[in-house]
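Residue 886 in our numbering is what sits at position 253 of the sequence shown, and the numbering runs on without skipping anything. Virtual Cβ for every residue (Gly too), placed ideally from N, Cα, C. As the structure is a computational prediction, the values presented were derived from the model and not from experiment.
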Amino acid sequence: MSEVRWPRVTVVVPVYNGQRFVKAAIDSVLAQTLGDWELIVVDDGSTDATPQILAEYRDPRIVTISKENGGESSARNAGLDRAMGEYVAFLDADDLYLPNALADLSRFLEEHPEYDVVYSNGRVCDEDGRDLTLLSDVRLGLYTGDVLERLLTTNLIITQGCTCTRRSVVEENNIRFDENMVIGPDGDFWIQVARFARFGYLDALTCLYRVHQTSIQRTSGQTRRNRDLVYARMKRMSSDWFQQVSVPTRRQFFYRLLVELLADQPAQQKAILEGQQLRDLPPRLQAELWRHVGVDHLLRRSDQAFAMDCLREAARLCPADRRNRDLLWISRLGDTTLYNTLRLWRALHRLGERLRSSGRPRPAPMPGALGPGAD
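1. How about Val696 and Ile673: are their beta carbons less than 7 Å apart?
2. Considering just the uninterrupted stretch of the beta strand (DSSP E) at Pro647, what are its terminal residues?
3. Out of Tyr730, Pro640, Phe886 and Ile790, which one is the CA nearest neighbour of Leu663?
4. According to the Cβ coordinates, are Leu960 and Leu944 closer than 7 Å?
5. Let me confirm a value: Ala953 is counted as buried when at least 16 other C-beta atoms fall within 10 Å, else exposed. Which label applies?
6. Any idea which residues DSSP pairs Lys700 with across the strands?
7. My assumption, with CB atoms under 8 Å, is that Ala722 sits in contact with Val780. Please give the rounded CB distance.
8. Nearest CA to the CA of Thr796: which residue from Glu782, Tyr752, Leu911 and Arg772?
9. Report all residues from its chain with a CB closer than 7 Å to the CB of Asp749; omit the five preceding and five following residues, and keep chain order.
10. Report the rounded CA-to-CA distance for Gly927 versus Leu977, giving the unit in angstroms.
11. What three-state label does DSSP hand Ile905 in the structure shown?
12. Using the three-state DSSP reduction, which class does Thr792 fall into: helix, strand or coil?
13. Write down every uninterrupted run of the beta strand (DSSP E) in the segment 803–856 whose length is 3 residues or greater and which is fully enclosed by it, in chain order.
14. For the beta strand (DSSP E) containing Thr766, name the first residue and the last one.
15. Would you kindly work out how many angstroms separate the C-alpha atoms of Glu671 and Arg858, rounded to a whole number?
16. With 16 as the cutoff for other CB atoms within 10 Å, does Ser935 come out buried or exposed?
17. For the beta strand (DSSP E) holding Ser753, just list the boundary residues, first then last.
18. What's the gap between the Cα of Gly651 and the Cα of Arg828?
19. Note down, one range per segment and in chain order, each alpha helix (DSSP H) of at least 4 residues found wholly within the segment 725–749.
20. What are the partner residues of Glu671, as DSSP defines its beta bridges?
21. Does the segment 710–724 come into contact with the segment 736–744, if we say contact requires no fewer than three beta-carbon pairs (one atom in each stretch) closer than 8 Å?
22. Out of Asp759, Ser699 and Ser769, state which residue places its alpha-carbon closest to the alpha-carbon of Leu838.
23. Please classify Ser879 as buried or exposed, where buried requires at least 16 other C-beta atoms within 10 Å of its C-beta.
24. Regarding Thr666 and the ligand MG, is the C-beta to nearest heavy atom distance less than 6 Å?
25. Could you round the C-beta distance between Phe654 and Ala726 to whole angstroms and report it? I think they count as a contact, below 8 Å.
26. Could you tell me which of Gln665, Lys700 and Thr666 sits nearest to Thr680, measuring between CA atoms?
27. Give me the Cβ distance between Asp728 and Ser707, rounded to the nearest whole Å; I'm assuming they're in contact under 8 Å.
28. Using only the alpha-carbon positions, how far apart do Glu782 and Glu705 sit?
29. What are the boundary residues of the beta strand (DSSP E) that Ala1015 is part of?
30. Looking only at C-alpha atoms, which of Arg756, Gln825, Thr792 and Gly820 sits nearest to Asn807?
31. Would Asp759 pass as a contact of Gln793 if the rule is Cβ separation under 7 Å?
32. Compare the beta carbon distance of Leu667 and Arg756 with 7 Å and say whether it is the shorter of the two.
33. Can you tell me whether DSSP reads Thr666 as helix, strand or coil?
34. Give me, in chain order, the residues of the same chain whose beta-carbon lies closer than 8 Å to that of Arg889; leave out the 5 immediate sequence neighbours on both sides.
35. What residue from Gln885, His845 and Gln898 has the CA that sits closest to Leu914's CA?
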């Protein structure tokens, strides 16, 4: 009996009503210089011509799975459950591989056993395939090795179509996409992987990332986007491994959650500020977060009573910090003086936050769906 030989790379493509782009995505896999692959296309209940397009392909390396609509994460998980390759790569139905993609990504992992995941550079294009920029121009840095803490605080590092992982890492640790998320399941998936894997970077162009009007990032709406981003951060904050994350990373993590995502949710802010995860931070940093939340509400003139409670709690937690005492004193001088002082303070703080987050000058402007909100 001949020995069963599994493919070198499995490519998983989820698609829902993708008649405009899916053929180009599949054809880009067929055009690979590496021929040892399997392509699993998961049709997530399409109601357009997608099923007919998929039926046209007869290559035995292409497997089509049809299922009821359950969302992109559900479709990717269905593909992962069927994957047999030594390596797994994910390609969205509106993106494209360059011909060298699978050969370059898999070769990197073969030549670098110290890494479990590789990500590379790529081009960003519009819906008609016209170049807009390079992924390297919009990423907030290139990081290798243990990248977990960077992924917890920094968007725009990993792009799905330019990434490949050893399947063993995913299977041995039971990692799957979170089906409760519409926005940000990719980032959540790679954070799960980063707990167990080391990441390498390949300085090569391997994909075309397409920005267009019907992408999930553009059609989901700000409310759903914020809800999913908050859900993802609450999930990480509640994980049993979160307290092992360094204090500076946890501080930045809480700042983004409290001030950027929950700015109009004082009840939720209060629950997090009083929760055990945040109280495990040093009192000085707890006070800083209470102060930032209070200042934000004062600047937006949203919940003045809660804002003053925050400032008083900051002063109680860290009485040695003059900023906490000074803000309480300035608040007695009237709304105009307080508001102008806080505007200057916030501008200086945000400049410091950007420098702390990136560690380098800001990247080029981000086109469309690559902007803030991807997580």
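Result, derived from the coordinates:
1. yes
2. Val642 to Val648
3. Tyr730
4. yes
5. Exposed is the call here.
6. According to DSSP, which records beta bridges pairwise, Lys700 is partnered with Asp677.
7. Not quite, the Cβ-Cβ distance comes to about 18 Å (not below 8 Å), so this is no contact.
8. Tyr752
9. Thr798, Arg799, Val802, Ala830 and Arg831
10. 15 Å
11. helix
12. coil
13. 832–843
14. Asp764 to Leu767
15. 33 Å
16. exposed
17. Val750 to Cys758
18. 33 Å
19. 734–744
20. Thr643
21. yes
22. Ser769
23. It counts as exposed.
24. As presented, the structure is devoid of all ligands, the ligand MG included, so that no description of it is given.
25. 6 Å
26. Lys700
27. 19 Å between Cβ atoms; not a contact.
28. 26 Å
29. An answer regarding residue 1015 cannot be provided, because it is not within the stretch 634 to 1008 covered by the chain.
30. Gln825
31. It is not a contact, given that the beta carbons lie outside the stated cut-off.
32. no
33. coil
34. Thr786 and Arg866
35. Gln885
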